[in-house]
Each structure stands twice: as structure tokens, then as C-alpha cells.
């Protein structure tokens with residue numbers, strides 16, 4: 002089993018920072034769980050799934066889809082990719098969401 006370090010920042014402030022998380026790496030798809038939340042990354046799509054919702058960031062299409070499971074309702078928001086660096090098993094994406102235009106978010110995955 003592979004391990005990864007996961008970091009999520011909002012305006013350069015660390016919101017989540019977890020190291021040595023067990024993950025599954027299969028055909029360039031990464032799956033991991035953290036505090037009961039399922040995460041995945043594949044083909045420029047980062048997904049976060051809780052009991053209540055699924056949030057999917059499609060960095061290629063520059064959109065974010067939020068689905069409420071109970072009602073099966075979805076909303077699609079535009080995102081702007083500011084920076085996208087993917088090198089082997091290191092992923093660093095900086096983006097902003099249309100509802101938070103003044104906020105910069107970063108997702109960093111380091112798989113080893």
C-alpha cells in the first residue's frame with residue numbers, strides 16, 4: 002500500500018495537513034480516506050465525498066459540481082485554475098471558485 006501527504010490551503014493558511022495517509026494508487030487513480038471522508042484524484046478531477054454530499058473539482062473543465070445526496074440536487078460552479086503542476090506522483094493545484102473570487106485554494110498530494 003502506498004502512502005501520501007495531503008495538504009489543503011486557503012489563502013496560504015493551512016486548513017488540512019495530514020502525513021503518511023494510506024492510499025490506493027491504481028492506474029493513475031488515487032483513493033484515500035481521512036476522518037471518515039473519501040477522497041479521490043484521477044485525470045484532473047479531485048473528489049471529496051461525505052455522507053451528505055459529493056464535491057467534485059474538474060480542473061480540466063474548470064468547474065466544481067456539488068451534489069447533495071439526500072435530495073439528489075446538484076449545482077455547478079465555475080473555477081479558475083491558477084496553477085497546475087503534476088509531476089509523477091506529486092500533484093499541486095491552485096485555484097479559485099466563482100463564489101469566493103478573492104480566495105485562493107491549494108490542493109497538494111505527495112504520493113510515495
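Residue numbers (my numbering): 2 to 113. Where is the CB? At the ideal position from N, CA and C, for every residue including glycine. Bear in mind the structure is a predicted one, so any value in this text is a computation, not a measurement.
| field | Neighbour-count burial assignment, residue 85, 16 or more Cβ in a 10 Å radius | value | Translated into positions along the chain shown, residue 85 becomes position 84. Residue 85 should be labelled exposed.
| said: Less than 8 Å between the beta carbons of residue 22 and residue 9, yes or no? | reply: For the purposes of this step, residue 22 is taken as the residue at position 21 of the chain shown. For the purposes of this step, residue 9 is taken as the residue at position 8 of the chain shown. No, the pair does not count as a contact, with Cβ atoms beyond the cut-off.
| query | Around the C-beta of residue 80, are 16 or more other C-beta atoms found within 10 angstroms, so that it is buried, or is it exposed? | reply | Here residue 80 refers to the residue found at position 79 of the chain shown. With 16 or more Cβ atoms within 10 Å of its Cβ, residue 80 is classed as buried.
| Between residue 20 and residue 4, what straight-line distance do the alpha-carbon atoms span, to the nearest angstrom? | Position 19 of the chain shown, counted from the start, is the residue given in the question as residue 20. Position 3 of the chain shown, counted from the start, is the residue given in the question as residue 4. Answer to the nearest angstrom: the Cα atoms are 8 Å apart.
| request: Report the three-state DSSP secondary structure of residue 90 (helix, strand or coil). | output: By 1-based counting over the chain shown, the position of residue 90 is 89. Of the three classes helix, strand and coil, the one that applies to residue 90 here is coil, per DSSP.
| task | Kindly list the residues whose CB is nearer than 7 Å to the CB of residue 111, restricted to its own chain and excluding five residues on each side of it in sequence; keep chain order. | result | Looking up residue 111 in the chain shown gives position 110. Counting only residues of its own chain and dropping the five nearest sequence neighbours on each side, residue 111 has a CB closer than 7 Å to the CB of 5, 6 and 91.
| message | Quick check on DSSP: helix, strand or coil for residue 36? | response | The residue you call residue 36 lines up with position 35 of the chain shown. Here residue 36 sits in coil by DSSP.
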